[in-house]
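Participant: Numbering (this note's numbering), first residue to last: -7 to 110. Glycine included, C-beta positions come from ideal geometry on N, C-alpha and C.
(1) Is the beta carbon of residue 108 sitting closer than 7 Å to the one on residue 48?
(2) Which partner residues does residue 84 have in the DSSP bridge list?
(3) So, is residue 89 buried or exposed, given that buried needs 16 or more other C-beta atoms within 10 angstroms?
(4) Going straight from the alpha carbon of residue 71 to that of residue 94, what length do you get?
(5) Going by DSSP, what residue range makes up the beta strand (DSSP E) through residue 90?
(6) I'd like to check one pair, residue 69 with residue 76: are the Cβ atoms closer than 7 Å?
(7) Measure the beta-carbon distance from residue 67 to residue 82 and round it to whole angstroms, keeping in mind my assumption that it falls under 8 Å.
(8) What residues match up with residue 73 in a beta bridge as DSSP calls it?
(9) Using only alpha-carbon positions, find the residue among 87, 34 and 55 that is nearest to residue 99.
(10) Is it buried or exposed for residue 105, if we count other Cβ within 10 angstroms and need 16 for buried?
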(Lines of atoms letter the chains of each structure in order from A and count residues from 1; the text may use other names and numbers.)
(Lines give C-alpha, C1' and ligand atoms only; values in the text may rest on other atoms or scores of the structure.)
Protein backbone atom coordinates (compact mmCIF):
# COMPACT_ATOMS: atom_id res chain seq x y z
CA UNK A 1 0.00 0.00 0.00
CA UNK A 2 1.33 3.44 -0.91
CA UNK A 3 2.20 5.88 1.85
CA UNK A 4 -0.43 8.49 2.60
CA UNK A 5 0.35 12.17 2.25
CA UNK A 6 -0.60 12.42 5.91
CA UNK A 7 1.89 9.77 6.99
CA UNK A 8 4.51 10.71 9.55
CA UNK A 9 7.57 12.00 7.66
CA UNK A 10 10.14 11.48 10.39
CA UNK A 11 11.05 13.17 13.63
CA UNK A 12 8.99 16.36 14.18
CA UNK A 13 7.19 15.78 10.88
CA UNK A 14 10.18 16.81 8.73
CA UNK A 15 12.25 14.87 6.27
CA UNK A 16 15.94 14.50 6.90
CA UNK A 17 17.90 17.53 5.75
CA UNK A 18 14.81 19.77 5.69
CA UNK A 19 15.15 22.95 7.75
CA UNK A 20 12.50 24.65 9.79
CA UNK A 21 11.51 27.87 8.01
CA UNK A 22 10.33 29.95 10.95
CA UNK A 23 10.56 33.69 10.83
CA UNK A 24 12.15 35.56 13.72
CA UNK A 25 9.60 36.73 16.28
CA UNK A 26 9.91 40.41 15.42
CA UNK A 27 8.90 39.72 11.81
CA UNK A 28 5.82 37.65 12.70
CA UNK A 29 4.28 40.27 14.95
CA UNK A 30 3.48 43.60 13.30
CA UNK A 31 2.64 45.19 16.65
CA UNK A 32 5.30 47.25 18.37
CA UNK A 33 3.65 47.27 21.78
CA UNK A 34 0.78 45.46 23.48
CA UNK A 35 -0.65 46.64 26.79
CA UNK A 36 -3.50 45.25 28.86
CA UNK A 37 -5.47 46.83 31.65
CA UNK A 38 -8.62 46.32 33.62
CA UNK A 39 -10.88 49.03 35.00
CA UNK A 40 -13.95 47.94 36.96
CA UNK A 41 -16.02 45.98 34.41
CA UNK A 42 -13.98 47.12 31.39
CA UNK A 43 -10.98 45.19 30.07
CA UNK A 44 -8.77 47.15 27.67
CA UNK A 45 -6.08 45.73 25.39
CA UNK A 46 -4.05 48.07 23.17
CA UNK A 47 -1.86 47.09 20.21
CA UNK A 48 0.36 49.69 18.59
CA UNK A 49 1.43 48.88 15.05
CA UNK A 50 3.38 50.64 12.34
CA UNK A 51 0.39 52.45 10.80
CA UNK A 52 -2.41 51.97 13.31
CA UNK A 53 -3.43 51.52 16.93
CA UNK A 54 -6.02 48.86 17.78
CA UNK A 55 -7.90 48.91 21.08
CA UNK A 56 -10.04 45.97 22.21
CA UNK A 57 -12.74 46.71 24.79
CA UNK A 58 -14.35 43.80 26.64
CA UNK A 59 -16.91 44.42 29.33
CA UNK A 60 -19.51 42.46 31.23
CA UNK A 61 -23.10 43.35 31.85
CA UNK A 62 -23.60 45.78 29.01
CA UNK A 63 -24.77 46.10 25.46
CA UNK A 64 -22.02 47.12 22.99
CA UNK A 65 -24.56 49.27 21.14
CA UNK A 66 -24.90 51.50 24.23
CA UNK A 67 -21.19 52.40 24.21
CA UNK A 68 -20.09 55.66 22.53
CA UNK A 69 -16.48 56.15 21.43
CA UNK A 70 -14.87 59.51 20.66
CA UNK A 71 -11.41 61.04 20.45
CA UNK A 72 -10.55 64.13 22.49
CA UNK A 73 -6.99 65.26 21.90
CA UNK A 74 -4.64 62.39 22.75
CA UNK A 75 -7.34 60.35 24.53
CA UNK A 76 -9.96 57.84 23.53
CA UNK A 77 -13.16 58.55 25.46
CA UNK A 78 -15.60 55.72 26.17
CA UNK A 79 -19.06 56.60 27.50
CA UNK A 80 -22.21 54.55 27.91
CA UNK A 81 -24.33 52.54 30.27
CA UNK A 82 -23.31 49.24 31.83
CA UNK A 83 -25.74 47.49 34.19
CA UNK A 84 -28.00 50.58 34.14
CA UNK A 85 -25.12 52.75 35.37
CA UNK A 86 -23.43 55.54 33.41
CA UNK A 87 -19.73 54.91 32.88
CA UNK A 88 -17.01 57.05 31.39
CA UNK A 89 -13.41 55.96 30.76
CA UNK A 90 -10.48 57.76 29.19
CA UNK A 91 -7.63 55.86 27.55
CA UNK A 92 -4.38 57.70 26.84
CA UNK A 93 -3.27 56.96 23.29
CA UNK A 94 0.39 56.07 22.69
CA UNK A 95 0.70 58.41 19.68
CA UNK A 96 -1.28 61.00 17.67
CA UNK A 97 -4.14 59.42 15.68
CA UNK A 98 -6.71 60.59 13.15
CA UNK A 99 -10.02 61.75 14.57
CA UNK A 100 -12.24 59.12 12.88
CA UNK A 101 -12.09 55.75 14.68
CA UNK A 102 -13.29 52.59 12.96
CA UNK A 103 -15.46 50.48 15.26
CA UNK A 104 -15.86 46.72 14.85
CA UNK A 105 -17.97 44.49 17.12
CA UNK A 106 -17.72 40.72 17.33
CA UNK A 107 -20.41 38.27 18.40
CA UNK A 108 -18.95 37.98 21.92
CA UNK A 109 -19.57 41.65 22.73
CA UNK A 110 -15.97 42.80 22.28
CA UNK A 111 -15.51 46.16 20.58
CA UNK A 112 -12.40 46.71 18.48
CA UNK A 113 -11.43 50.30 17.71
CA UNK A 114 -9.04 50.85 14.82
CA UNK A 115 -7.24 54.20 14.85
CA UNK A 116 -5.01 55.23 11.98
CA UNK A 117 -1.85 57.03 13.06
CA UNK A 118 -1.63 60.68 12.06
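Facilitator: Working from what's here:
(1) No, these two residues do not count as a Cβ contact at 7 Å.
(2) Residue 84 is bridged by DSSP to 67.
(3) The residue is buried, with at least 16 neighbouring Cβ atoms inside 10 Å.
(4) Straight across, the Cα-Cα distance linking residue 71 with residue 94 is about 16 Å.
(5) Bounds of any beta strand (DSSP E) do not take in residue 90, whose DSSP letter is neither H nor E.
(6) Cβ distance not < 7 Å, so residue 76 and residue 69 don't count as in contact.
(7) Confirmed, Cβ separation roughly 5 Å.
(8) In the DSSP output, where bridge partners are listed per residue, residue 73 has 78.
(9) When each option's Cα is compared against that of residue 99, the closest is 55.
(10) Counting C-beta atoms within 10 angstroms of its own C-beta, residue 105 has 16 or more neighbours from the protein chains shown and is therefore classed as buried.
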